[in-house]
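For the record, in the sequence shown the residue sitting at position 55 is 44 according to my numbering, with numbers rising by one throughout. Below you'll find the structure, written out as structure tokens, and then a few comments.
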Amino acid sequence: MQTIVCMKWGTRYPALYVNRLWSMIKRHTVRPTRLVCFTDDPTGVDPAVEVFPLPEIDIPDAIAWTPWRKLSLWQSPLANLSGDVLFLDLDIVITGDIDAMFDYKPGAFCACENWTQIGKGIGNTSVFRWNVGRNSHIFTDFEADGEGIWRKYGIEQVYISRVIDRMEFWPSDWCVSFKHTLVPYWPLNFFRTPKLPEGTRIVAFTGKPDPDEAAIGTWPVEQAWKKIYKYARPTPWIDEYWQ
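What follows is the structure, given as structure tokens:
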């Protein structure tokens, strides 16, 4: 049985995102696979998804509801999980077979090479596989000095990348970023629709836009002037996969 994990907290991503993730997983796996969702609100989540409360973690208030909370997954024991487990953010779109992600470099921590820091040894944790019980120091060290680790590393994926015993990057064509890989450079982004490369298994939507927004060509920005360059044309193929 292959195990995939996601986390849902707060209100940004409703149960719909968990349910669509589960639907995509079923369409892109052949082997027996389960989805485990750690959440503070299971309302509306498909009954076929295994639901657990968010894992406990001693975390500074300022980052309590940010990706730093993912560090809670590195504790051991963790619910009923064991072995190599695949983590998927809710804001991803699965476009190809993901069974292979359980065969790649067994036992190693596998992550996307962060698209904005190529060559710097930083893994992006939108899509990663870890071995439950291995490298539990990532969790215990953070609990011992969460404030200090946060101040030192700034971003949880930098912290993990610097202290993990072994990190491997997924093949670059397996996991791509919508805005960093697929959206054409300015000003071509105003004229060309992002294309899905052959061989892509997962498209990550880090930050904004989310999949539903990108599908219709909406890119929310906090400062109006950023609309000068933050734009992507409506991308119909997203709806083909994100369902």
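Glycine included, every Cβ here is placed at the ideal spot set by N, Cα and C.
**Asked** Cβ of residue 108 within 8 Å of Cβ of residue 101?
**Response** In this structure, residue 101 does not lie closer than 8 Å to residue 108 by Cβ.
**Prompt:** Who are residue -3's beta bridge partners in DSSP?
**Reply:** 28
**Item:** Boundaries of the beta strand (DSSP E) in which residue 119 is found, first to last residue
**Value:** Residue range 112 to 121 is occupied by the beta strand (DSSP E) that includes residue 119.
**Prompt:** Quick one: complete beta strand (DSSP E) runs, 3+ long, within the stretch 131 to 163?
**Reply:** 156 to 158
**Asked** From which residue to which residue does the beta strand (DSSP E) around residue 73 run?
**Response** 72 to 77
**Item:** Length of the line joining the Cα atoms of residue -4 and residue 59
**Value:** 8 Å
**Message:** Between 182, 85, 139, 132, which has its C-alpha nearest residue 19's C-alpha?
**Reply:** Ranking the options by Cα distance to residue 19, first place goes to 85.
**Item:** Exposure of residue -10, with buried meaning 16 or more beta-carbon neighbours within 10 Å
**Value:** exposed
**Request:** Determine, using beta carbons only, whether residue 7 and residue 79 come nearer to each other than 8 Å.
**Result:** Yes, the pair counts as a contact, with Cβ atoms nearer than the cut-off.
**Request:** Count the CB pairs spanning the stretch 189 to 204 and the stretch 163 to 173 that are closer than 8 Å, and state whether there are at least three.
**Result:** yes
**Request:** Could you say if the stretch 68 to 77 and the stretch 115 to 129 meet the contact criterion of at least three C-beta pairs nearer than 8 Å?
**Result:** yes
**Request:** Tell me, please, whether the stretch 48 to 55 touches the stretch 131 to 142 by the rule of three or more beta-carbon pairs shorter than 8 Å.
**Result:** yes
**Asked** Can you give the beta carbon distance from residue 56 to residue 145, rounded, assuming they're within the 8 Å contact cut?
**Response** 5 Å
**Supposed contact pair residue 61 and residue 75 - C-beta distance, whole angstroms, cut 8 Å** = Contact check for residue 75 and residue 61: beta-carbon distance about 17 Å, past the 8 Å limit, so the pair fails to qualify.
**Request:** Pull up the CB-CB distance for residue 98 and residue 155, whole angstroms please, since I reckon it's below 8 Å.
**Result:** 6 Å
**Message:** What does the alpha-carbon distance come out to for the pair residue 39 and residue 213?
**Reply:** Here the alpha carbon of residue 39 sits roughly 41 Å from the alpha carbon of residue 213.
**Message:** Is the beta carbon of residue 54 closer than 8 Å to that of residue -2?
**Reply:** yes
**Request:** Would you mind sorting residue 21 into buried or exposed? The rule is 16 or more other CB atoms within 10 Å of its CB.
**Result:** exposed
**Prompt:** The alpha helix (DSSP H) spanning residue 227 covers which residue range?
**Reply:** 226 to 230
**Prompt:** residue 189 and residue 203: beta carbons closer than 8 Å?
**Reply:** no
**Prompt:** How far does the beta strand (DSSP E) with residue 42 in it reach, from first residue to last?
**Reply:** 39 to 42
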